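Protein chains in written order, with the numbering used here: chain A, 48 to 487; chain B, 48 to 487.
Glycine included, every Cβ here is placed at the ideal spot set by N, Cα and C.
On a predicted model such as this, the values are computed, not experimentally measured, just so you know.
2 protein chains.
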Amino acid sequence: MALVEMAPVTLRKAELHASVGDPVLDTMNFLNEITHRYPQAVSFAPGRPYDGFFDVEEIFRHIRRYLDHLVEGGATPGEIRDALFQYGPTAGQIRELVADSLRKDENIDVRPEAVVVTVGCQEAMFLALRALFAGPQDALLVSSPCYVGITGAARLLGIEPTAVAEGQGGFRCADLEVALAAEKARGRRPRAFYVVPDHSNPSGSTMPLDERHALLDLAARADFLILEDSPYRLVSPGRQLPTLKSLDTDRRVVHLGSYSKTLFPGARVGFAVADQLVVDEDGRQGLLADELTKIKSMVTVNTSPLSQAAVAGMLLAADGRTSELNTETSAYYGEAMRAILKRLDECFPEPGRSALGVRWNEPAGGFFLTVDVPFPADNAALVRSAEEHGVIWTPMSYFYPQGGGEHSLRLSVSYLTQADIAEGTARLARFIASEAARTR
Amino acid sequence: MALVEMAPVTLRKAELHASVGDPVLDTMNFLNEITHRYPQAVSFAPGRPYDGFFDVEEIFRHIRRYLDHLVEGGATPGEIRDALFQYGPTAGQIRELVADSLRKDENIDVRPEAVVVTVGCQEAMFLALRALFAGPQDALLVSSPCYVGITGAARLLGIEPTAVAEGQGGFRCADLEVALAAEKARGRRPRAFYVVPDHSNPSGSTMPLDERHALLDLAARADFLILEDSPYRLVSPGRQLPTLKSLDTDRRVVHLGSYSKTLFPGARVGFAVADQLVVDEDGRQGLLADELTKIKSMVTVNTSPLSQAAVAGMLLAADGRTSELNTETSAYYGEAMRAILKRLDECFPEPGRSALGVRWNEPAGGFFLTVDVPFPADNAALVRSAEEHGVIWTPMSYFYPQGGGEHSLRLSVSYLTQADIAEGTARLARFIASEAARTR
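Rendered as structure tokens:
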């Protein structure tokens, strides 16, 4: 039946929820558009993992391995069938394997009941924010520049994050203390502080060990929670500093976990570790994980059991040690980072570099580094960079919830080959020279 | 390293977001607890699909079929690998297949760009509510009794739904018109009306064709959107009435889709069809689907490509006709519904039935029916039913956002064998007799 279309319903964007006008979302869309429009450009933009080590046939073996594991555990054929096909428990059906892996890989020792398996780390962030933020008096502080996932999730819930600026050397606890005092002076209650302590997205900075201890002390003194998100640790070369959660003696830290870098993004499996006690008016005790689970039942019901099966198969293959699965990838990313740092050094020799006003940080791991440039690294500059020089990057200003980063850009090296990095850095150098000449 | 645990952080539940105290979530937890505590009881509670037709090996074939389809479409090995392993497009990578299936199965003719693939229908509801409800002036009306997924999602977002009571024969447009007037009198703007038009959960009622047309007319006159959720149509026997979306000539209807009943729940794949135009202040036009996609990027980033691959493989196997995949299941559910109606007739012969005050509706499809009883069908009665009579059901009062249903219970027949249905109905009859005697 062909319907005659009447004048279609037209909604005014201004009457939709404010989050759809979120500048972060619009800028990210702009970045995608640029990437699409200039397919020949070398792109330092995407934070995706390198995919050369993925093998399609492995997916089938991973799922099969998990099913075999269920058989070994005594599951009946009907139970195995249901473990793939039916709705699963809202909190996840592979919580034991996740908890086991956290113990072996990260020295994080929690009961499976404190784990909620989520649709990627993004849902874990969303659930934690929804549970913890009851109203406008609750303040969310974020290390800034900041991952857009947390600020975006916050805005869906009407939470306006407060930025705590990183210094040149990264996060400093003293700056957080000042921000906490300012929030309290405004009559607000600092509820949680979000941070990516290792090889952060976007800046690439890592929190030193003494700052980690200082942060945990401060959180105890000022009574707020720490939301720790650390997806790049186990895909970085060398020994990593301990997670905040592994140093946490009083359950101050909600650890937000991702398997997108250590296993694969297409699983969309992450998790929250939320072992905080929750006590109701009648004195009944539960865990924060239980509350996140209730919220999850109204967002996604449960995480795909099929995806969980693939992830479980990979965890089983490595006996929980995702770090061991990633020795090759960590080396790959490490070499990519060394390569871009070497190329930048070659392209910008001293003393010209300082005279030009170009500098960058030197992350020991992760996917990202930051380059400061002597001109506004804005969308207009990005278009010129893509069109005239064939190189794409991300304006750092996208990552500052309350302004900043106007003269910096983020480079991601995770997705590129060494040849792309060499060519891309050369193009970037030409772009920077041209732009500097233009604005001089 | 063994950490010495200090006094753990203890959060007061009253200081968490109000949604974690949502009575619906608490009652659902209670139901799960009862089911767990009385494993020998016949349970008419779960709305899960019957799983006897699932076959584990099929999962591997479905995924393989989708990969073959990509090969046939000219994808390179790298593209195929990325289609499983990488992040995918936020709006979904199987939108063409979904749109094709909607055209063949449901006479819903929309471009793939109007489809957003979601983590189950639950995420589709969540996204639609977040986009459409900008503030307290926007009213959500729901047909009541109502599926808890929509009211739960609403509460996460601080939206308090307004119940429009179903009459004995189901939804009546005239009742909605009264409710709309009341909202407007309170200074609120009716933004959307949520309804399950076919074999609804929980009541089992179906909206007649003339009411469907009347509802579309009313929506156009009063300028609100219709949120249509209809997961049971294609697993019901016989010819179904047209979806509201297929009758929609001016894009009034946002169609919320689920594959949990037609394909399998473990995929956690659903979708929203949102072809409404959205225009911004500068006159730029997009679709509501674009706005849902932006929001989705901050909730789950994208739906698991692995899950989408399994769903796509099933759609390809049936050339888009999920109805044809479900001829056997529809017959199974139809027989289950006929069986319980027959058993109820036998257990409650007239004139005793009327004297006792027991009655039920007779749905032609779906998973659910409603039984009115002459006593409060509350949690205390449920515990006695499970403990003393070995039968579990769902209090209908769970499904009334603003009170009601205190003397009704919901029976689900989807998950039970004919033998379970016979035994369960006999036990239910004994429970009802005992309860009626108790309260007389």
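| query | How is the alpha helix (DSSP H) around B:I479 delimited, first residue to last? | reply | Q465 to T486
| What residue does the beta strand (DSSP E) around A:T165 start on, and which one ends it? | V162 to T165
| said: Quick check on the DSSP output: the beta strand (DSSP E) that includes A:A201 runs from which residue to which? | reply: Here A:A201 belongs to no beta strand (DSSP E); instead the alpha helix (DSSP H) covers V195 to L203.
| In this structure, does DSSP put B:D419 in helix, strand or coil? | strand
| request: List the whole-angstrom C-beta distance separating A:P442 from A:D425, where the pair is believed to meet the contact cut-off of C-beta under 8 Å. | output: 6 Å
| task | Taking only beta-carbon positions, decide if A:R298 is within less than 7 Å of chain B. | result | yes
| query | Closer than 9 Å, Cβ to any Cβ of chain B: which residues of the region 121 to 135 of chain A, in chain order? | reply | P124, G125, I127, R128, D129, A130, L131, F132, Q133, Y134 and G135
| Around the Cβ of B:G182, are there at least 16 other Cβ atoms within 10 angstroms (buried) or fewer (exposed)? | exposed
| For A:L429, which residues in chain B fall below 8 Å Cβ to Cβ? | Per Cβ cutoff of 8 Å: no residues; A:L429 is ~20 Å from chain B at best.
| message | Is there a Cβ of chain A sitting closer than 7 Å to that of B:G313, yes or no? | response | yes
| Local conformation of A:E80 per DSSP, three classes | helix
| query | Taking the runs of the alpha helix (DSSP H) that are 4 residues or longer, which of them lie wholly in the region 79 to 167 of chain B? | reply | 103 to 119, 124 to 132 and 142 to 153
| query | Is it the case that the CB of B:S293 approaches a heavy atom of the ligand ZN more closely than 6 Å? | reply | Inclusion of the ligand ZN in the displayed structure is not the case, the ligand content being empty and no account of it being possible.
| query | Does any residue of chain A bring its CB to less than 7 Å from the CB of B:K231? | reply | no
| task | Look up A:V242 in the DSSP assignment and say whether it is helix, strand or coil. | result | strand
| task | Would you verify that the beta carbon of A:L341 is, or is not, closer than 7 Å to some beta carbon of chain B? | result | The sequence shown places Lys at residue 341 of chain A, not Leu. So yes, A:K341 belongs to the interface.
| query | Quick one: is A:M361 buried, meaning 16 or more other Cβ sit within 10 Å of its Cβ, or exposed? | reply | buried
| What residues in the region 53 to 69 of chain B have a beta carbon less than 9 Å from any beta carbon of chain A? | M53, A54, P55, V56, T57, L58, R59, K60, A61, E62, L63, H64, A65, S66, V67, G68 and D69
| said: Residues of the region 335 to 360 of chain B in Cβ contact with chain A at a cutoff of 8 Å, in chain order, please. | reply: L335, E338, K341, I342, S344, M345, V346, T347, V348, N349, T350, S351, P352, L353, S354 and A357
| Residue range of the alpha helix (DSSP H) that includes B:V316 | From DSSP, B:V316 is part of no alpha helix (DSSP H); its letter is neither H nor E.
| request: Determine whether the Cβ of B:L78 lies closer than 7 Å to any Cβ atom of chain A. | output: no
| query | Would you say B:V166 faces chain A, with C-beta separation under 7 Å as the test? | reply | yes
| Of all the CB atoms in chain E, is at least one closer than 7 Å to the CB of A:E170? | Note that chain E does not occur in the displayed structure, where the protein chains are A and B.
| said: Let me check understanding here. Comparing Cα to Cα, which of B:G196, B:F318 and B:G94 lies closest to B:L416? | reply: B:G94
| said: Rounded to whole angstroms, what is the Cα-Cα separation between B:Y379 and A:T57? | reply: 42 Å
| query | Hey, is the region 378 to 394 of chain A in contact with the region 465 to 472 of chain A, meaning 3+ C-beta pairs nearer than 8 Å? | reply | yes
| Residue nearest to A:L174 in terms of C-alpha spacing, selected from A:G317, A:R477 and A:W407 | A:G317
| field | Stretch-stretch touch, CB-based, cutoff 8 Å, three pairs: the region 350 to 364 of chain B with the region 150 to 166 of chain B | value | yes
| request: Measure the C-alpha to C-alpha separation of B:G135 and A:G313 and round it to an integer number of angstroms. | output: 7 Å
| message | By alpha-carbon positions, which one of A:D152, A:R431, A:R112 and A:R299 ends up nearest to A:L274? | response | A:R299
| query | If you pair each beta-carbon of the region 264 to 280 of chain A with each one of the region 429 to 437 of chain A, do three or more pairs fall below 8 Å? | reply | no
| query | Looking at the C-beta of A:V89, does it have a partner C-beta in chain B at a distance below 7 Å? | reply | no
| said: Quick check: what's the CA-CA separation for A:M48 versus B:K292? | reply: Residue confidence is low: A:M48 scores 45 on pLDDT, short of 50, so the model does not pin down where it sits. Its coordinate-derived value is still stated next. Going from the Cα of A:M48 to the Cα of B:K292 covers about 13 Å.
| query | Helix or strand or just coil, what does DSSP make of A:V326? | reply | strand
| Cα-Cα, which of B:F107, B:G125 and B:A146 is closest to A:R128? | B:F107
| request: Starting from A:H260, follow the beta strand (DSSP E) in both directions and report where the run begins and ends. | output: From DSSP, A:H260 is part of no beta strand (DSSP E) but of the alpha helix (DSSP H) over L256 to A269.
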